[in-house]
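For the record, the sequence lines run as chains A and B.
Just so you know, the first sequence maps onto residues 1 to 283 in the working numbering.
Just so you know, the second sequence maps onto residues 1001 to 1112 in the working numbering.
Inspection log for the structure reproduced underneath, given as structure tokens.
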Amino acid sequence: MKIAIASGKGGTGKSTVAANLACTLALSREVALVDCDVEEPNLHLFFPDSAEDVPVTTLVPEIDPALCTLCGECGKFCRFGALSVLKDRVLLFPELCHSCGGCSLVCPQGAIREVPRTIGRVACSCPLSRLTLVSGVLNEGEVMAPTVIRAAKMLAEGHPLILYDASPGIACPVIETLEGVDACILVTESTPFGLHDLRLAAEVVESTGIPAGVVINRSDGRDEETLDFCRERGLPILMTIPFSREIAAIQNRGGLICRDLPGWEERFADLFEAVVKIAGVNP
Amino acid sequence: MIVGITARAAGTDAPVEQRFGRAPYFVFVDTETGKAESIENPLVDAAGGVGPRAVQMFSEHGATVVITGQVGGNAARALGMGGIKAYAYRGSGSVADALAEYTAGNLQLLPL
């Protein structure tokens, strides 16, 4: 079974929910936790351990100057500006390349071949006896987050139970994370921003046909607007985490409330049961 | 010598555009004959990577000098490698005004 944790708005508590859920589940079963927020992965902070790195590469063009006639076709084709054909050479901007391979197809001279270039890595570790942590890390200045997410997901493939912690937003990295999941947990907070972005995220999961439910984090007990929205859209409330100094303090030192606060292990176990129910699959 | 100037419209009377890659028009002036050719920039609404692509257009038109407001990092690298000099015009005048300032030697070279 594959569960994604997404939110729309950043900082609502995706990683908190993902880390606590993974830790709780690892008490009784094998679980793989994949950090798909590759521009700022943070799950390793909850589970410090030595990791093994696997590089992630994308293909970029390499031009054979002996064959190139500087005709300019590749530069005109590339809509990302990764190639600039000048009077005496072709200039490559590899970090702008989206690896579509089009330049090598349009080159009339066959002067372009594609070569791998490292854009990030996937770090794998086993911080708990039944927990595998797979973190995607996109190098600074790079744009191809979905490639690193795909690599991280691939490395976790085969585990019977996988949790994916998505990046904030609803753009390509989130869509890539949601690919192939059985259910999605949308983490929100009862603020105008939280509700605004929950609306967007709910639309995304709805259009992808993925069953979803909502976790309200930092609740001050006045969640009416969020509850109304969820009722309207048929999104079940899976869990409510109160706005509490005690919880924040545990979180801020990299602790897990399922381990450090009585009652929360049970609540995260219940969250899993609720997700299994909405997914309608066998865990 | 061909001088390429970023502009808001076609022709030498058009106001100079401060942005390089996303300028609505490029006006290429041949300083020997005084002839001007205006090209509508197809990159105005492109998602990204406009700098290097704009430089390729300047290179194709044989420009060896660019007059614009400022250039980004990728464009600067492409201009530098392509041997195209870029001069800063920060005034509110026309393409012709900018060219006159350049000819008079009043414009600063942009660091590439």
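Ideal Cβ positions, reconstructed from N, Cα and C, are used throughout, including at glycine.
Quantities reported herein were computed from a predicted structural model and do not represent experimental measurements.
Rounded to whole angstroms, Cys-107(A) and Asp-64(A) show a C-alpha spacing of 11 Å.
With contacts defined by Cβ atoms closer than 9 Å, Asp-49(A) and Gly-136(A) do not form a contacting pair.
When the alpha-carbon of Ile-278(A) is set against those of Ala-145(A), Asp-260(A) and Leu-186(A), the nearest one is in Leu-186(A).
Here the alpha carbons of Arg-89(A) and Gly-1062(B) stand approximately 14 Å from one another. In the assembly as shown, Lys-87(A) is an exposed residue. Its beta-carbon has fewer than 16 other beta-carbons within 10 Å. If you draw a straight line from the Cα of Asn-1074(B) to the Cα of Ala-202(A), it comes to about 38 Å. Residues of the stretch 1047 to 1079 of chain B that bring their beta carbon within less than 8 Å of a beta carbon in chain A comprise Ala-1047, Gly-1048, Gly-1049, Val-1050, Gly-1051, Pro-1052, Arg-1053, Val-1055, Gln-1056, Ser-1059, Glu-1060, Asn-1074, Arg-1077 and Ala-1078, in sequence order. Interface flag for Met-1001(B) against chain A is unset, since no Cβ pair is found closer than 9 Å. Using beta-carbon distances, Gly-1034(B) does not count as an interface residue toward chain A, since no partner is under 9 Å. Within a 10 Å sphere around the beta-carbon of Pro-192(A) sit fewer than 16 other beta-carbons, which makes this residue exposed.
Close CB contacts of Met-144(A) within its chain, under the 6 Å cut and outside five residues either way in sequence, are with Thr-58 and Ile-119 (chain order).
Taking a contact to require three or more Cβ pairs closer than 8 Å, the stretch 1072 to 1088 of chain B and the stretch 269 to 276 of chain A do not qualify as touching. In this chain, Val-60(A) is not harboured by any alpha helix (DSSP H); it is covered by the beta strand (DSSP E) spanning 52 to 63. Within the same chain, Thr-16 and Ile-257 come within 8 Å of Gln-251(A) by CB-CB distance, once the 5 residues on both sides are set aside.
Using beta-carbon distances, Gly-1082(B) counts as an interface residue toward chain A, with a partner under 9 Å.
Chain-order list of chain B residues neighbouring Phe-93(A): Gly-1049, Gly-1051, Pro-1052, Asn-1074, Arg-1077 and Ala-1078, by C-beta distance under 9 Å. For Val-1044(B), the number of other beta carbons within 10 angstroms of its own is below 16, and it is reported as exposed. The beta carbons of Gly-101(A) and Glu-1060(B) sit about 24 Å from each other, so the pair does not count as a contact at 8 Å. For Arg-89(A), at least one C-beta of chain B is nearer than 9 Å to its own C-beta.
For Cys-74(A), the uninterrupted alpha helix (DSSP H) segment begins and ends at 73 to 77. Look at Val-85(A): its C-beta is under 9 Å from a C-beta on chain B.
Lys-2(A) and Ile-216(A) have their alpha carbons spaced roughly 21 Å apart.
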